[in-house]
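*Asks:*
2 protein chains.
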Amino acid sequence: MDGDRERGGSGAEDDAERAFLAAYDPRDFPAIAVTVDIVALTLRQGALHVLLVERGGRPFQGAWALPGGFVRAGRESLDEAAARELAEETGLDAAQLDRVHLEQLGSYGDPGRDPRMPVVTVAYLAFAPDLPEARGGGDASAAAWVPVADLDLGAGHPAASRTRQARRTGQSFTEPDAARPRPPEQGPGHGTDGGGSVPRPADPAAVGSAAATAPETTQTPLPETVRARLAFDHARIVADGLDRARAKIEYTPLATAFLGAEFTIVELRGVYEAVWGSPLHAGNFHRKVLSVPGFVESTGATAARGGARGGPRARLYRAGDARLLHPALLRPDREDSVR
Amino acid sequence: MDGDRERGGSGAEDDAERAFLAAYDPRDFPAIAVTVDIVALTLRQGALHVLLVERGGRPFQGAWALPGGFVRAGRESLDEAAARELAEETGLDAAQLDRVHLEQLGSYGDPGRDPRMPVVTVAYLAFAPDLPEARGGGDASAAAWVPVADLDLGAGHPAASRTRQARRTGQSFTEPDAARPRPPEQGPGHGTDGGGSVPRPADPAAVGSAAATAPETTQTPLPETVRARLAFDHARIVADGLDRARAKIEYTPLATAFLGAEFTIVELRGVYEAVWGSPLHAGNFHRKVLSVPGFVESTGATAARGGARGGPRARLYRAGDARLLHPALLRPDREDSVR
DNA sequence: AGAATAGTGTCTTTTAGACACTATCAA
DNA sequence: TTGATAGTGTCTAAAAGACACTATTCT
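Going line by line, the protein sequences match chains A and B.
Mapping to UniProt numbering: the first sequence position 228 is 228, numbers consecutive.
Mapping to UniProt numbering: the second sequence position 179 is 179, numbers consecutive.
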C-alpha cells in the first residue's frame, strides 16, 4: 500500500487524476526520516574489514557507526543514495565504485533506535576490493577500515557472527562462527533461519593462507573505542551483513568482488577463509572452483612470483560470467546440527 | 548513519546528552512517508495465491494493490506494522496470525513510485495456510486471494518470475520460471542473482498432483481488472516475493507454513510444485523429505482417506524442529544454464 | 475388477571430502 | 638443498535422480 486509500471518489479519467494530484498535500501524512547505512566489507592483509566512521555529533558522539546518511527525498532511489554515501565516505570515483558490489540488506525501524526521532534506515551491503585508506570525508570526523574480528557485535564473541537468530532460539554459542550452518537470507525482521549449536571446534587462529599471505603488518592501530559497542543498532546490522555475506559467497561468484581484476585461486580461497572464518582444503577448493562453469576463467598468465615461502607460480584468473554458482560452494562445518 | 552527525560538540556526559535530545527538533530533517506492504502467499485448491486489495482512492483507483499501510512513526516496529496490516486486511486473530510466517522482503523507494509524494515502502513476505476468504476490511474497498498465475507481473509471462535481474542482464526469457536457477536472496536493489536463459521447456500446464488434488472448483471468479498491471511498483514487489519464496523453501522448512498443523507428504509436495511451478518425482520427493533431519515428524496417524482416485491412506506428519534443511531440497530444472 | 496412488528398493551419476603425490619455486 | 607451495590423481561417502515394484484404497 502506498499513501492513503481512504479518500474515495469515482471515475478514473486522467483529468480527475491530475486534479487530485495537484490538490494533494503530502504533509497530511506521517513522516519518518529515512536514511541509508552501508556495511562495506573488504579484505585487508587477508582479514575481513568493515568501514566505520566516528561520530562527530550526538547522540553516540565519539562512537563508531556505519557510514550513511539521509535519502534525498524524491530525488534519488535508495540504491543511488547508498552508492552516493559510499562514494562520499570512501572518496571513490565512479570507476572504482563500479567495481564494488552493492545490494540492499534490509531495513531497520524499531522505535527508539534513534533517540531523537523515528528513523528508518535501509541498510546496504557492499563488497569491495582492497581500497585506499578511508578518508574521513563527508561529515564524519574519522573513517577507518576496522577488522571485523575486533568488533563486539553483541553476543560476546570476537568473530561476530551469531546474530539474533541465535539469540532468538536461545542457543549458546561456544564456538566461533565457522560452525554455523548456511543461513539462507531473509529480511532482518522475522525468520526461520538457523543458528546452529555445534560441538566441534574449528581452530580460528589457524585460518591458513589468508593469514599466511599477510605478514604481520599491523596497519592503523585501532582505536580503543572500536571495541565499544557500535552506535544505534549498527552492531546488529553489521552482524546481519556478515551473515548475508557468508551465505552469498556460497551461491554467487561475489567472492571475486573482494579481489582485483585478476587473481589466483589461492587468493580466492583466502576470501572464503576470511569471510567464513575457517580454513579450507586447498586441493579440493582448487578443483572445485575450476569445476563450476562460469565462476572463473583463465587469463593464460601466471603470477609474478610463487608462494610466500616458495612453490610454483600460480595461474591467474578473472571473474567468469556466471551469476550463480552451480554447484555451489557450501560452507563446511555445519555438521548435521542444522536443527 | 542515523540522523545528523554534522553538529559538533565535545564531551559526552549524560547530562549534556539529555540536554541535547531535549533541544532537538526533528523537523529539521527531511521526512519521507514510510509504509509497509505485504506479499501474502497461500495455497488454495493447489494453486499459489497472493492477497490483493482493490484501491478505493486515487491514484490507481480501482486497480489492485498489495495490502499495507503507514507505519505508525515511533510507536511500532516495522515487523509489528506488517503484522498489524496483515491482520487488519485478512481479519485474522492473534492465534491465526501466529501460524503465519512473516519476514521482511526488502524496501522500495524509487522517486516517483508514488505520484503524490516520496514514499519508501518496506515490503514483507508472508506464508499462510489456507485462510478464510479475505474480507475487504480496513480501508480497501475489496480484498481477494488472486491466483499468482493470473497476474501480469511485467515480463509478459503468466507464471510471474523473471524480475529485474533478468531485465538487467538483458536476457530474454522464453520460458516460464520453472527453468530458473536457484536465486540466493538479496535485497531488491542490486545484485548478481541470475536469471537463467534456458532452452528446455518445462510444461507448466502439467503441474501434477497440485492440480490433481484439486477438482475443477473455480472459486471466486476473478475480476477482469486483476489482469491489468498492479498499482505502483507492486508487480515488481510481488515478483521479488515469489523469487524469495521459491528460494526459501529450498533451504528452510517453510513450505509447511502453507499447510495445516498436520499434513501428508503428498500435500507437502503439492506446496513445492505450486511454488516452483513444476512437477516433482513423487517417490524421490517422499524419501528425501523423510531423510532430512528435523524437517517433518510423524504423528503416527494416517489420513482419513486415500488418494483422490484410490490408493493407500497417507501417513500424517507435522513440522519438525529444524530451522534449516540439510541437505536442502534443490529446485530441479536449473539445467546447467546457471550462467 | 480396474485404476490410481502411497511408499520402498535399487541402480547410476554427480558431488563432497580425505589423502597422497608431483612439480615448482623461494630462501 | 630444503621446505613450503600450486596443482592433480584417486578413492570413499553422500546425495540426486531414474526406474521398477508392492501394497492399499477408491470407484
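The beta-carbon is built from N, C-alpha and C at its ideal position, and this holds for glycine as well.
Everything numeric in this text was worked out from a predicted model, so none of it was measured.
Chain A partners of Ala235 (chain B), CB-CB under 8 Å?
*Replies:* Near Ala235 (chain B) there are no residues of chain A at all, since even the closest Cβ is about 13 Å away, more than 8 Å.
*Asks:* When you compare each of A:Glu297, A:Ile237, A:Ala83 and A:Leu242 to Leu268 (chain A) by their alpha carbons, which one comes out closest?
*Replies:* Closest option to Leu268 (chain A), Cα to Cα, is A:Glu297.
*Asks:* Rounded to the nearest angstrom, what separates Pro312 (chain B) and Thr264 (chain B) at their Cα positions?
*Replies:* C-alpha separation (whole angstroms): 12 Å.
*Asks:* Quick one: what's got a C-beta closer than 8 Å to Ala73 (chain A)'s C-beta in the same chain, skipping five residues either side?
*Replies:* Answer for Ala73 (chain A): Val34, listed in chain order.
*Asks:* Please classify Ala274 (chain B) as buried or exposed, where buried requires at least 16 other C-beta atoms within 10 Å of its C-beta.
*Replies:* So Ala274 (chain B) counts as buried.
*Asks:* Given 8 Å as the limit, is there contact between the region 74-91 of chain A and the region 46-65 of chain B, that is, 3 or more CB pairs closer than that?
*Replies:* Not touching, per the Cβ criterion.
*Asks:* Mark Arg309 (chain B) as exposed unless 16 or more other C-beta atoms lie within 10 angstroms of its C-beta, in which case mark it buried.
*Replies:* Arg309 (chain B) should be labelled exposed.
*Asks:* Looking only at its own chain, which residues have a Cβ that is under 7 Å from the Cβ of Leu254 (chain A), when we skip the five neighbours before and after it?
*Replies:* Same-chain partners within the cutoff: His101, Phe127 and Lys248.
*Asks:* If you follow the beta strand (DSSP E) that His49 (chain B) is part of, which residue opens it and which one closes it?
*Replies:* Ala47 to Glu54 is the extent of the beta strand (DSSP E) around His49 (chain B).
*Asks:* Would you mind sorting Glu250 (chain B) into buried or exposed? The rule is 16 or more other CB atoms within 10 Å of its CB.
*Replies:* Buried: at least 16 other Cβ atoms inside 10 Å.
*Asks:* Curious, which full-length alpha helix (DSSP H) runs of at least 4 residues does the region 91-136 of chain B contain?
*Replies:* Counting only runs of 4 or more, we get 94-98.
*Asks:* If the cut-off is 7 Å on Cβ atoms, which residues from the region 271-299 of chain B count as contacting chain A, listed in chain order?
*Replies:* Here the close residues are Pro293 and Gly294.
*Asks:* Distance, Cα to Cα, Leu78 (chain B) vs Val36 (chain A)?
*Replies:* Roughly 16 Å separates the two Cα atoms.
*Asks:* Can you list, in chain order, the residues of its chain with a C-beta nearer than 7 Å to that of Ala319 (chain A)? Leave out the 5 residues immediately preceding and following it.
*Replies:* Excluding positions up to five away in sequence, the list reads Pro253, Thr256 and Val296.
*Asks:* Does the beta carbon of Gln45 (chain A) sit closer than 7 Å to a beta carbon anywhere in chain B?
*Replies:* Not closer than 7 Å to any Cβ of chain B, the Cβ of Gln45 (chain A) fails to qualify, so no.
*Asks:* Since I believe Ser278 (chain B) is in contact with Pro327 (chain B) (beta carbons under 8 Å), could you give me their beta-carbon distance rounded to a whole number of angstroms?
*Replies:* So it is not a contact: roughly 19 Å between Cβ atoms.
*Asks:* Give the interface partners of Gly154 (chain B) over in chain A, defined as CB-CB distance under 9 Å, in chain order.
*Replies:* Residues of chain A passing the Cβ test: none, with the nearest at roughly 17 Å.
*Asks:* Take the Cβ of Pro132 (chain B) as the centre, count every other Cβ of all protein chains shown within 10 Å, and call the residue buried at 16 or more, exposed below.
*Replies:* By the 10 Å Cβ count, Pro132 (chain B) comes out exposed.
*Asks:* Kindly indicate if chain A contains any beta-carbon less than 7 Å away from that of Ala95 (chain B).
*Replies:* Ala95 (chain B) does not count as touching chain A.
*Asks:* Compare the Cα-Cα distances from Ala304 (chain B) to each of B:Ala83, B:Pro293 and B:Glu262 and report the closest residue.
*Replies:* Closest by alpha carbon: B:Glu262.
*Asks:* To the nearest angstrom, how far is the alpha carbon of Val338 (chain A) from that of Glu85 (chain B)?
*Replies:* Any answer about Val338 (chain A) is weak, because its pLDDT of 34 lies below 50 and its placement is not dependable; what the coordinates show is given next. The straight-line gap from Cα to Cα measures roughly 33 Å.
*Asks:* What three-state label does DSSP hand Phe295 (chain B) in the structure shown?
*Replies:* Coil at Phe295 (chain B), not helix or strand.
*Asks:* With which residues is Val39 (chain A) paired in a DSSP beta bridge?
*Replies:* A:Leu125, per the DSSP bridge assignment.
*Asks:* Per DSSP, Gly69 (chain A) forms a beta bridge with which residues?
*Replies:* According to DSSP, Gly69 (chain A) bridges with A:Val36.
*Asks:* Within the same chain, show all residues whose beta-carbon is closer than 6 Å to that of Gly154 (chain B), passing over the 5 residues directly before and after it, in chain order.
*Replies:* Within the same chain, Gly154 (chain B) has close Cβ partners Ala235.
*Asks:* Strictly below 9 Å CB to CB, what residues from chain A border Leu151 (chain B)?
*Replies:* In chain order: nothing, as chain A lies at least about 17 Å away.
*Asks:* Report the neighbours of Asp110 (chain B) on chain A: residues whose CB is nearer than 8 Å to its CB, in chain order.
*Replies:* In chain order: Ser77 and Leu78.
*Asks:* Just to make sure I have the definition right: I need the residues of chain A whose C-beta is within less than 7 Å of the C-beta of Pro118 (chain B). Which are they?
*Replies:* Those within 7 Å of Pro118 (chain B) in chain A are Ala73 and Gly74.
*Asks:* How many Å lie between Asp130 (chain A) and Gly270 (chain A) at the Cα?
*Replies:* In a straight line, the C-alpha of Asp130 (chain A) is about 13 Å away from that of Gly270 (chain A).
*Asks:* Is there at least one Cβ from chain A nearer than 7 Å to Gly106 (chain B)'s Cβ?
*Replies:* It does; some Cβ of chain A falls within 7 Å.
*Asks:* One question on the structure: do Val122 (chain B) and Gly109 (chain B) come within less than 7 Å of each other, judged by their Cβ atoms?
*Replies:* Result no, Cβ atoms of Val122 (chain B) and Gly109 (chain B) do not sit closer than 7 Å.
*Asks:* Checking contacts by CB at 7 Å: is Ala319 (chain A) closer than that to chain B?
*Replies:* Ala319 (chain A) does not count as touching chain B.
*Asks:* Measure from the C-beta of Ile32 (chain A) to each C-beta in chain B and report whether the shortest distance is under 7 Å.
*Replies:* Yes, contact with chain B.
*Asks:* Helix, strand or coil for Arg315 (chain A)? Go by DSSP, reduced to three states.
*Replies:* Strand.
*Asks:* Determine the extent of the beta strand (DSSP E) in which Ala143 (chain B) is found, giving its start and end residues.
*Replies:* Residues Ala142 to Pro147.
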